[in-house]
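Student: The structure that follows is given in the form of structure tokens.
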Amino acid sequence: MVCKKNVLAIVLGCLLLLGAPAAEAAQSPSDRVREGVDQIIRMLSDPAMQDPARHDDAIARLREVAEQYIDFDLVTKYAVGRPWLNMSPDLRAQLREAFVSLLERSYLKRIPAYGGQNVEYKREDIAGNNAKVQTEIIDKDKKIIVEFRLKIVQGTWMIYDVVAEGVSLVMNYRSQFAEVLNKGTGEDLLKTIQDRIEQIDQGKEEEPTS
Amino acid sequence: MNGQKEGFRLLVMVLTAALLLGVAGVCFAAEAPAQPVRVAQFGGEPASVPANDVVDDFDDFDATYSDRPLISDPLSGWNRFWFQINDSLYRGVFRPVAEGYAWVVPPRPRTWVSNFFTNLLFPVRFINDMLTGKWDAAFMETSKFVANTSFGVLGLGDVTGGMPKNWEPERPTADGFDQTLGKAGFGPGIYLVWPLVGPSSIRGTVGWVADAYCDPLTYGRFTFLEFMGIRAYKNLNDLSLQLQGNEYETLTDGAVDQYAAVRDAYIRYRAKKVAD
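Respectively, the protein sequence lines represent chains A and B. Counting the first sequence from 1 gives a position; the working numbering is that position plus 26. Counting the second sequence from 1 gives a position; the working numbering is that position plus 10.
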């Protein structure tokens, strides 16, 4: 009888241990995306965010929130593609920083234009450590299908790609980066990104020299 | 008599469909010689020898994009050239003109113009909905067309705009013959950039020509110049309604290679439309 109880205890203990990693990512992928999106929308509806004088401050705060939900290491790695495997940790860090600055200047700055939209959560597919969350963003009469892709990173679901109407952000950059990496090195890619950032900062909208 | 008429109409429709698909078949044959130069994913990514300090999960990652389309770009010289011209025209001419137009004309009349042209293109959507078996979408388009043409005063108003959810078809309505061809199994062929028209493919070009045949405007008694004028005005009006946060600018502003960014977006967007 005692023996049986012990066995039961061990089995239960094992179950609890097995359950632990799952419990760590207790928040479902959809909930993660919803939390991030809600937080961004709440920040954007704050009138202080729309104040042009405090624009840089607003961007910095948005980035801080974005970093909590988006794993930019993964975003950069997948955007660079296989050449990433041969890059030094130093180059990787620089690429990540440059790439995030570029995204910040192009996409984050445009977020204010997307305020007040309705986001509907349609579907969630989980396969092991990967998940897809499908949403519909309704803007006036237009409906845009946006899919978030997530991975478990240290026990939390993190976004690593956004697919809008079939166009993946990561894959779109990979096709661009491939144009550089086919001819040049990782350093050339870093330089190309930095040049583009400089161009944007100087308010030029011309085609980058490629 | 009535039944005969119906039968005749059906015959005409089937013949039209066959004819259009026949045209596509010819173009597909013309596309065949381009096969040998086909390269994976825009010229392929550079190969590399994996190091050990980072997990090489690229295969897993890429597998989640198994639908990722392949397109070859053997004419990238020509394409890049026209992309540059089109982009300069967009930033230097079309956008400023659309801004001026938007400044002079209030949004409401511009929406009417946009509705009018959308309503006019009803045959394109209807025929392709029928060809791809989207019966509910075809029905929705027809009721919309009837309602907007009559109560909406020749399509100027969109009286069906605020209709409840059940108005929405199960799958989005067809957007042209390119989509229909894609559903029939035709690949996009090679990537092409046309002067003024912009990004396209072999399939896209065939679809564009077929759609022009369904566009009532092409049956009007216009001279070439008048026709181009109407088209230009339609595009200008459409652009004037999308000056803020439009996709083209968002995409190209953040790009390090604008040409590659637009090519990727075009191909994936079309692939998504075909999958719809």
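Glycine residues also receive a C-beta, built at the ideal position from the N, C-alpha and C atoms. For clarity, every value in this text was computed on a predicted model and none was experimentally measured.
When DSSP labels each residue in this structure, what does Lys283/B get in the three-state scheme?
Tutor: Numbered from 1 along the second sequence, position 273 holds the residue referred to as residue 283/B. Lys283/B: helix per DSSP, three-state reduction.
Student: Measuring alpha carbon to alpha carbon, tell me which residue in Gly143/B, Gly186/B and Ala281/B is nearest Gly199/B.
Tutor: Within the second sequence, numbered from 1, the residue matching residue 199/B stands at position 189. Per the Cα distances, Ala281/B.
Student: Starting from Phe132/B and walking both ways along the alpha helix (DSSP H), at which residues does that stretch end?
Tutor: Reading the second sequence from its first residue, position 122 is the one you call residue 132/B. Per DSSP, Phe132/B belongs to the alpha helix (DSSP H) from Phe132 to Leu141.
Student: If Asn112/A sits next to Ala275/B, beta carbons under 8 Å apart, how far is it from one beta carbon to the other, in whole angstroms?
Tutor: Walking along the first sequence from the start, residue 112/A turns up at place 86. Walking along the second sequence from the start, residue 275/B turns up at place 265. Actually they are not in contact, since the Cβ atoms of Asn112/A and Ala275/B sit about 28 Å apart, beyond 8 Å.
Student: Provide the residue span of the beta strand (DSSP E) that contains Asp165/A, from first to last.
Tutor: For this step, residue 165/A is matched to residue 139 along the first sequence. Its beta strand (DSSP E) spans residues Asn156 to Asp165.
Student: According to a CB-to-CB cut-off of less than 7 Å, which residues of the segment 67-100 of chain B neighbour chain A?
Tutor: Phe68, Phe71, Thr74, Tyr75, Arg78, Gln94 and Asp97
Student: Along the segment 255-270 of chain B, where does the CB come closer than 9 Å to a CB of chain A? Name the residues.
Tutor: Gly255, Glu257, Glu259, Thr260, Leu261, Thr262, Asp263, Gly264, Ala265, Val266, Asp267, Gln268, Tyr269 and Ala270
Student: Asn144/A lies in the beta strand (DSSP E); which residues open and close that run?
Tutor: Here residue 144/A is taken as the residue at index 118 of the first sequence, counted from 1. Run containing Asn144/A: Asn144 to Ala153, per the beta strand (DSSP E) assignment.
Student: In chain A, what lies closer than 9 Å to Arg278/B by C-beta?
Tutor: Taking the first residue of the second sequence as position 1, residue 278/B is located at position 268. The contacting residues are Val189, Glu191, Gly192, Val193, Ser194, Met197 and Asn198.
Student: How about Leu215/A and Gly264/B: do their beta carbons lie closer than 8 Å?
Tutor: To locate residue 215/A, count along the first sequence from 1; it is residue 189. To locate residue 264/B, count along the second sequence from 1; it is residue 254. For the 8 Å CB-CB criterion, Leu215/A and Gly264/B do not form a contact.
Student: Note down the Cα distance separating Gln220/A from Ala124/A, rounded to an integer number of angstroms.
Tutor: Translated into the one-based positions of the first sequence, residue 220/A becomes position 194. Translated into the one-based positions of the first sequence, residue 124/A becomes position 98. Gln220/A and Ala124/A: Cα-Cα distance of roughly 6 Å.
Student: Would you decide whether Gly192/A is buried or exposed? Buried here means 16 or more other CB atoms lie within 10 Å of its CB.
Tutor: Taking the first residue of the first sequence as 1, we reach residue 192/A at position 166. Here Gly192/A is buried, its C-beta having at least 16 other C-beta atoms within 10 Å.
Student: Curious, which full-length alpha helix (DSSP H) runs of at least 4 residues does the segment 157-217 of chain A contain?
Tutor: 195-209
Student: Check whether the Cβ atoms of Arg345/B and Asp286/B sit closer than 8 Å, and answer yes or no.
Tutor: Here chain B has residues from 11 to 286 only, and residue 345/B is not among them.
Student: Below 7 Å CB to CB, which residues in the same chain sit around Ser124/B once its five sequence neighbours on both sides are set aside?
Tutor: The residue given as residue 124/B occupies position 114 in the second sequence. Once the five neighbours on either side are set aside, the close Cβ partners of Ser124/B are Asn247, Asp248 and Leu251.
Student: Would Thr102/A and Leu121/A qualify as a contact pair, given that the criterion is a beta-carbon distance under 8 Å?
Tutor: Residue numbering aside, residue 102/A sits at position 76 when the first sequence is read from its first letter. Residue numbering aside, residue 121/A sits at position 95 when the first sequence is read from its first letter. Contact: yes.
Student: Against Ala281/B, what residues of chain A qualify as contacts under a CB-to-CB distance less than 8 Å, listed in chain order?
Tutor: On the second sequence, residue 281/B is found 271 positions in, with the first residue counted as 1. Near Ala281/B (Cβ distances below 8 Å), the residues of chain A are Gly192.
Student: Count Cβ pairs between the segment 90-109 of chain B and the segment 192-211 of chain B that sit closer than 8 Å; are there 3 or more?
Tutor: yes
Student: So with Cβ pairs under 8 Å, would you call Asp188/B a contact of chain A?
Tutor: Here the question's residue 188/B lines up with position 178 in the second sequence. Chain A contact via Cβ: absent.
Student: Is there a Cβ from chain A that is less than 8 Å from the Cβ of Asp146/B?
Tutor: In the second sequence, counting from the first residue as 1, residue 146/B sits at position 136. No, because no Cβ of chain A sits closer than 8 Å to the Cβ of Asp146/B.
Student: Note down, in chain order, each residue of its chain lying with its Cβ closer than 6 Å to the Cβ of Val59/A, except the 5 sequence neighbours on either side.
Tutor: On the first sequence, position 33 is the one that residue 59/A refers to. Within the same chain, Val59/A has close Cβ partners Val159 and Phe174.
Student: So is Asp248/B in contact with chain A if we call contact Cβ pairs under 8 Å?
Tutor: Residue mapping note: residue 248/B aligns to position 238 of the second sequence, counting from 1. No, because no Cβ of chain A sits closer than 8 Å to the Cβ of Asp248/B.
Student: Indicate whether at least one CB of chain B lies closer than 8 Å to the CB of Ile219/A.
Tutor: As a first step, residue 219/A is located in the first sequence; it is residue number 193 there, counting from the start. Yes, Ile219/A lies at the interface with chain B (some Cβ there is under 8 Å from its Cβ).
Student: Pick out whichever of Phe71/B, Phe132/B and Gly195/B has its Cα sitting closest to the Cα of Pro226/B.
Tutor: Your numbering for residue 226/B matches position 216 in the second sequence. Nearest of Phe71/B, Phe132/B and Gly195/B to Pro226/B, Cα basis: Phe132/B.
Student: In chain B, which residues lie less than 9 Å from Gly229/A when you measure between Cβ atoms?
Tutor: Here residue 229/A corresponds to residue number 203 of the first sequence, with the count starting at 1. None at all; the shortest Cβ gap to chain B is about 11 Å.
Student: Quick one: is Arg80/A near chain C, going by C-beta distance under 8 Å?
Tutor: In the structure shown, chain C cannot be found, because the protein chains are A and B.
Student: Within 8 Å of any Cβ in chain B, is that where the Cβ of Glu213/A sits?
Tutor: Numbered from its first residue, the first sequence carries residue 213/A at position 187. Against chain B, the CB of Glu213/A has no partner CB under 8 Å away; the residue lies outside that interface.
Student: Should Thr161/A and Lys148/A be called a contact, given that it needs their Cβ atoms to be closer than 8 Å?
Tutor: As a working note, residue 161/A is residue 135 in the first sequence. As a working note, residue 148/A is residue 122 in the first sequence. Contact: yes.
Student: Please confirm if Arg149/A has its CB atom under 8 Å from at least one CB of chain B.
Tutor: For the purposes of this step, residue 149/A is taken as residue 123 along the first sequence, with counting starting at 1. No, because no Cβ of chain B sits closer than 8 Å to the Cβ of Arg149/A.
Student: On the DSSP letters alone, give me the boundaries of the beta strand (DSSP E) that Pro209/B sits inside.
Tutor: Taking the first residue of the second sequence as 1, we reach residue 209/B at position 199. Here the beta strand (DSSP E) through Pro209/B covers Gly208 to Ser211.
Student: Buried or exposed for Lys209/A, please, with buried defined as at least 16 other CB atoms from any protein chain shown within 10 angstroms of its CB.
Tutor: Translated into the one-based positions of the first sequence, residue 209/A becomes position 183. The residue in question, Lys209/A, is exposed, as its Cβ has fewer than 16 Cβ neighbours within 10 Å.
Student: Where do the N-terminal and C-terminal ends of the beta strand (DSSP E) with Leu202/B fall, by residue?
Tutor: For this step, residue 202/B is matched to residue 192 along the second sequence. Run containing Leu202/B: Tyr201 to Trp204, per the beta strand (DSSP E) assignment.
Student: Which chain B residues sit within Cβ distance under 7 Å of Arg222/A?
Tutor: Start at 1 with the first residue of the first sequence, and residue 222/A comes out as number 196. Within 7 Å Cβ-Cβ: Val266.
Student: Express the C-alpha separation of Thr215/B and Gly195/B in angstroms, rounding to a whole number.
Tutor: Taking the first residue of the second sequence as position 1, residue 195/B is located at position 185. Taking the first residue of the second sequence as position 1, residue 215/B is located at position 205. For Gly195/B and Thr215/B, the distance between alpha carbons rounds to 16 Å.
Student: Three-state secondary structure (DSSP) at Ile240/B?
Tutor: For the purposes of this step, residue 240/B is taken as the residue at position 230 of the second sequence. Ile240/B: helix per DSSP, three-state reduction.
Student: How do the segment 134-148 of chain B and the segment 182-192 of chain B stand: do at least 3 beta-carbon pairs fall below 8 Å, yes or no?
Tutor: yes
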